[in-house]
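Visitor:
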Amino acid sequence: MARAVTNQRKAINTAFAWAIGLLIFFPILWTILTSFKTEAEAIASPPYFLFFDWTLENYAVVQERSNYARYLWNSIVIAGGSTLLGVIIAVPAAWSMAFVPSKRTKDILMWMLSTKMLPAVGVLYPIYLIFIKMGLLDTKIGLVVVLMLINLPIIVWMLYTYFREIPGEILEAARIDGATLREEILYVLTPMAIPGIASTILLNVILAWNEAFWTLNLTAAKAGPLTAFIASYSSPEGLFYAKLSAASTMAIAPILILGWFSQKQLVRGLTFGAVK
Amino acid sequence: MGRITLDQVTKSFGSVQVIPPLDLTIEDGEFTVFVGPSGCGKSTLLRLIAGLEDISSGQIRIDKQDATHVPPAKRGLAMVFQSYALYPHMSVRKNIAFPLKMAQMDQAEIDRRVNGAAEVLNLTDYLDRRPGQLSGGQRQRVAIGRAIVREPAAFLFDEPLSNLDAALRVGMRLEISELHKRLKTTMIYVTHDQVEAMTMADRIVVLQAGVIEQVGSPLELYREPRNLFVAGFIGSPRMNFIEGPEAAKYDAHTIGIRPEHIAVAEGDGAWSGVVGVAEHLGSDTFFHIHETGLAETITVRADGEVGFNHGDRITLSPRTDMIHRFDASGLRIA
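Residue numbers (UniProt numbering), protein chains in the order written: chain A, 1 to 276; chain B, 1 to 334.
#1: From the beta carbon of A:A120, is the nearest beta carbon of chain B less than 8 Å away?
#2: For a test of the three-state rule: what should DSSP assign to B:P218, helix, strand or coil?
#3: Are the C-beta atoms of A:E165 and some chain B residue less than 8 Å apart?
#4: Are the C-beta of B:Y87 and some C-beta of chain A separated by less than 8 Å?
#5: Near B:P72, what residues of its chain come up, given a Cβ to Cβ distance below 7 Å and the 5 sequence neighbours on each side ignored?
#6: For A:R65, decide whether its Cβ has a neighbour in chain B, counting only Cβ atoms nearer than 8 Å.
#7: Would you mind telling me which residues of chain C sit closer than 9 Å to A:R104, beta carbon to beta carbon, in chain order?
#8: Below 8 Å on the Cβ atoms is my contact criterion, and I expect A:N74 with A:P225 to pass it. Report the Cβ-Cβ distance as a whole number of Å.
#9: Tell me, to the nearest whole angstrom, how far the beta carbon of B:A85 is from that of A:E172; I am working on the premise that it is less than 8 Å.
#10: Any idea which residues DSSP pairs A:F261 with across the strands?
#11: By alpha-carbon positions, which one of B:Y126, B:R130, B:V170 and B:H324 ends up nearest to B:M90?
#12: Touching or not, the region 224-238 of chain B and the region 57-65 of chain B, by the rule of three or more beta carbon pairs under 8 Å?
#13: Secondary structure at A:E183, three-state DSSP: helix, strand or coil?
#14: Tell me the rounded alpha-carbon separation between B:Q82 and A:W260.
#15: Taking only three categories from DSSP, how would you classify B:R203?
#16: Mind checking if B:M102 is an interface residue toward chain A, Cβ cutoff 8 Å exclusive?
#17: Keeping to the same chain, check which residues put their C-beta closer than 8 Å to that of A:F99; ignore five residues upstream and five downstream.
#18: Beta-carbon separation of residue 342 of chain B and B:F286 under 8 Å?
#19: Tell me B:A154's beta-bridge partners as DSSP assigns them.
#20: With C-beta atoms as the reference, is A:A242 less than 8 Å away from A:T31?
#21: Step through the CB atoms of chain B and report whether any lies within less than 8 Å of the CB of A:G196.
#22: Note down the Cα distance separating B:L134 from A:L202, rounded to an integer number of angstroms.
#23: Strictly by DSSP, which residues pair up with B:G273?
#24: What in chain B is Cβ-close to residue 277 of chain A, meaning under 7 Å?
#25: Taking the DSSP output, what are the residues bridged to A:F99?
#26: How would you write the range of the beta strand (DSSP E) that B:A263 sits in, first residue to last?
#27: Using C-beta distances below 7 Å, list every residue in its chain close to A:M112, excluding the 5 sequence neighbours before and after it, in chain order.
#28: For B:E119, count neighbouring C-beta atoms within 10 Å of its own C-beta (all shown protein chains included) and say buried if the count is 16 or more, exposed if not.
#29: Output yes if chain A places a C-beta closer than 8 Å to the C-beta of B:V79; else output no.
#30: For a test of the three-state rule: what should DSSP assign to A:V144, helix, strand or coil?
#31: Going by DSSP, what residue range makes up the alpha helix (DSSP H) through B:N95?
#32: Does A:V188 come within less than 8 Å of chain B when only Cβ atoms are used?
#33: Can at least three beta-carbon pairs, one atom from the region 188-196 of chain B and one from the region 142-162 of chain B, be found at a separation below 8 Å?
#34: At what residues does the alpha helix (DSSP H) containing A:A15 begin and finish?
#35: Determine the extent of the beta strand (DSSP E) in which B:T25 is found, giving its start and end residues.
#36: Short check: CB of B:K184 to CB of B:G76, under 8 Å?
See the structure below:
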C-alpha cells in the first residue's frame, strides 16, 4: 500500500522543514540585521529584532577603516585559483581512475580521502616552516597551493564519481563510429562531463572561500582574504558587534549570492554519487 | 562484402583464458547468432571482432584482410549495444549523423543518408528530439539507424533487445530480421535467448565457457544436437533427459526426448506418471509430470487444450524415432 499523505500531514511537514531551515539560517539573518544596528542596539538586552534605527554607519566605518576591495580580490584569487589549479590536476587523475582503473585505484582513492581525516593543525608547524623557507608566507600563491592541496581529494573524488556515471559503452560506440581520441573527448566526453565539472568547481570555490584555518595562519596584511577581514574585527579590547556583523555580511554576501543562483548544481554536488 | 574469419583466436584476462583457441568463419550476408548462457564468452567474442578488446593470440580477418591490429573504427563494422549507447546530449539527427561526421562526409550526403535511415526506421518525426525523450524501442531504432548509415561490412548486435519489454522485443526482432532481408549485410547477433536465436538466425553458434559447442542452422541444432549441452539449450521447454535402465534399452547412457515428441493419454502407454503442474496456454498445454520413475520431472507439450489437471494419473508415449541418444561423455550417438 502506498503511504497516504494527508494534507494536514503535508502542512505539518512543510512547517517543520521551514522551522529547521530558519533555525539554520537564523545566525546569518541575525548577523545581517545586527550589521544595520548601532553598537548600543547590537548589545541591547532584550535584543531588538526589526524595530531599531536602521543605519549604514557600520558599513561606512568598515569601508573607511579597511580596504574591503583588496580582501575581496584576495579571496577571489585564492578561491578561484586553488579551484582552477585543483581541477586541472584532478580531471586527468579522476579520468584515468574512472576509465582505466587498476587494482590499486580504490586504495589510492581511500588514501587520498584519509588525508582529510588528519586534523589540519597537525601539519601546521611543518607547513609553516616550509612557507618561511620558501618565502611563501603571506602570499596569494602560497595560499592557492595550500588550499588546492587541502581540497584536491574532494575534487578528485567528486570528478571520479561523475566520470564513473558516464557509461563506457558510449565511449566504445564513439570509437566504433570512427572518433579519434581527440574527437571522443571533444564531442562525447566533455559535453557529458561538463555538468559534473561545473558542480565540482562551484562546491570547491565555496569551500575555499570559507576556509579559515590556513588563510588565518599563513597570512598577515598582504594576502589576507575575507576570512582575515572578518577576523580583524573580532577585537578582544572592545565590543564591536555591529561592525563585526557588517564585515561578516560583506564577506559572505558574494558567496551567498553565488550559492543562491546555483542551488540546483550545488544540491547535485552535495549529494554526488548518492542519486543517479 | 563482409566475410569474417577467426583463426585460432584466444583471449585471456590476466591468467584466466576466457576464449581457448577458436576457429570460426562467418559468411558474407549471413545472419549469425552467438548464443549461450551468461558468462559463456559470446559478448567477449563479439567485442574481439569489433576490436573493442585485443585478442591474445590468433588472427581475425575481415574480407581476407588481416584486421587483428586494425582499430575498431577502421574495421568497417557497426555495433548496436544493449544499453543503446546513444549520445545523450545530441539530437537523434546528430546521433545518427555522428559516424558520418567523423568520416568527414559532405553535409548533403549526410543529410541524404540520415533522412533515408530515419524513414526506414520510422524516426522521421523524432529527428530533433534528444534520446532522453524517446521510448526504449525508439532509442534502439536510433542505435540501429546510427549503424546502418555507415553502410558497414557487417553489423554487430550485443543483446540489443534485452532492455525492452516482451511485446516490444518480438516486434523489434521482426524488424531486425526484415532489415537483414533488405540489406543482405552480414550480421552477428549475440543473445542468451534461444528463441531469438532460433527465429532470427541463418546459422547459430552455441557457446559454453568460451568453447563452440556446435555451429549449424536452427533446425540442424534442433534435430541433431551434438551433445547434451546443445540438446538442453536449444528448444523450449527444454528436452527431457533420462538415464538408467530406460536409456540402456536404447544402448545409450542418456536419452533425450523433446516435450513435443511425447503424447499424453489415459490408458496404455510406454511410461506413466502423475500431473504436477498443467500450464494451459490455449494454443498449447504444458504438463510437468512426476512419479514417472524416469527423471524427477518429465515435461510434455500437447497441442491445443488438453484437459488433464494436477493429480491426474496419465500415460506417456514417446515417439521412438525422435529419441536422441548420448554416450557417457555426453556426446551424441549417431
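Glycine included, each C-beta is placed from N, C-alpha and C at the ideal position.
Computed from a prediction, not measured in an experiment: that's the story for all the values here.
Guide: Reading it off the structure:
#1: The residue given as residue 120 of chain A occupies position 120 in the first sequence. No - not a single Cβ of chain B is within 8 Å of the one on A:A120.
#2: As a working mapping, residue 218 of chain B is identified with position 218 in the second sequence. Helix.
#3: Here residue 165 of chain A refers to the residue found at position 165 when the first sequence is read from its first residue. No, A:E165 does not count as interfacial toward chain B.
#4: Residue 87 of chain B sits at position 87 when you count from the first residue of the second sequence. Output row for B:Y87: interface = yes.
#5: The sequence position of residue 72 of chain B within the second sequence is 72, counting from 1. Hits under 7 Å: A50, G51 and L52.
#6: What you label residue 65 of chain A is simply residue 65 of the first sequence in a count that begins at 1. By this cut-off, A:R65 is not an interface position.
#7: Structure shown: chain C not included; protein chains present are A and B.
#8: Position 74 of the first sequence, counted from the first residue, corresponds to residue 74 of chain A. Position 225 of the first sequence, counted from the first residue, corresponds to residue 225 of chain A. About 4 Å separates the two Cβ atoms, so the contact holds.
#9: Here residue 85 of chain B refers to the residue found at position 85 when the second sequence is read from its first residue. Here residue 172 of chain A refers to the residue found at position 172 when the first sequence is read from its first residue. Indeed they touch by this definition, with Cβ atoms about 7 Å apart.
#10: Position 261 of the first sequence, counting from 1, holds the residue named residue 261 of chain A. Beta-bridge pairing links A:F261 to no other residue.
#11: If you number the second sequence from 1, residue 90 of chain B lands on position 90. The candidate whose alpha carbon is nearest that of B:M90 is B:R130.
#12: no
#13: As a first step, residue 183 of chain A is located in the first sequence; it is residue number 183 there, counting from the start. Correct three-state label for A:E183: helix.
#14: Against the second sequence, residue 82 of chain B aligns to sequence position 82. Against the first sequence, residue 260 of chain A aligns to sequence position 260. Going by the C-alpha atoms only, they are around 40 Å apart.
#15: To locate residue 203 of chain B, count along the second sequence from 1; it is residue 203. Three-state result, B:R203: strand.
#16: To locate residue 102 of chain B, count along the second sequence from 1; it is residue 102. Yes, contact with chain A.
#17: On the first sequence, residue 99 of chain A is found 99 positions in, with the first residue counted as 1. Excluding positions up to five away in sequence, the list reads F163, G168 and L171.
#18: Not covered by the structure: residue 342 of chain B. The range shown for chain B is 1 to 334.
#19: Mapped onto the second sequence, residue 154 of chain B falls at position 154. Per DSSP, B:L77 and B:T186.
#20: In the first sequence, counting from the first residue as 1, residue 242 of chain A sits at position 242. In the first sequence, counting from the first residue as 1, residue 31 of chain A sits at position 31. No, Cβ-Cβ distance for A:A242 and A:T31 is not below 8 Å.
#21: Reading the first sequence from its first residue, position 196 is the one you call residue 196 of chain A. Not closer than 8 Å to any Cβ of chain B, the Cβ of A:G196 fails to qualify, so no.
#22: Here residue 134 of chain B corresponds to residue number 134 of the second sequence, with the count starting at 1. Here residue 202 of chain A corresponds to residue number 202 of the first sequence, with the count starting at 1. Distance between the alpha carbons of B:L134 and A:L202: 32 Å.
#23: Sequence index remark: in the second sequence, residue 273 of chain B carries index 273 (1-based). According to DSSP, which records beta bridges pairwise, B:G273 is partnered with B:I314.
#24: The first residue shown for chain A is 1 and the last is 276, placing residue 277 of chain A beyond what the model contains.
#25: Working through the first sequence from its first residue, we reach residue 99 of chain A at position 99. None, per the DSSP bridge assignment.
#26: In the second sequence, counting from the first residue as 1, residue 263 of chain B sits at position 263. Run containing B:A263: I262 to A265, per the beta strand (DSSP E) assignment.
#27: What you label residue 112 of chain A is simply residue 112 of the first sequence in a count that begins at 1. Closer than 7 Å at the Cβ level, and outside the excluded window around A:M112, lie P153 and V156.
#28: Along the second sequence, read from residue 1 onward, the residue named residue 119 of chain B stands at position 119. B:E119 should be labelled exposed.
#29: Here residue 79 of chain B refers to the residue found at position 79 when the second sequence is read from its first residue. Checking the sequence, you will find Met at residue 79 of chain B rather than Val. Yes, B:M79 counts as interfacial toward chain A.
#30: Mapped onto the first sequence, residue 144 of chain A falls at position 144. A:V144 falls in the helix class under three-state DSSP.
#31: Locating residue 95 of chain B in the second sequence gives position 95, counting from the first residue. Per DSSP, B:N95 belongs to the alpha helix (DSSP H) from V92 to M102.
#32: By one-based count along the first sequence, residue 188 of chain A stands at place 188. Judged by the 8 Å Cβ criterion, A:V188 is in contact with chain B.
#33: yes
#34: If you number the first sequence from 1, residue 15 of chain A lands on position 15. A:A15 -> alpha helix (DSSP H) spans N7 to T34.
#35: Position 25 of the second sequence, counted from the first residue, corresponds to residue 25 of chain B. Start and end: V16 to I26.
#36: Stepping through the second sequence from its first residue, residue 184 of chain B is reached at position 184. Stepping through the second sequence from its first residue, residue 76 of chain B is reached at position 76. For B:K184 and B:G76, no; Cβs fall outside 8 Å.
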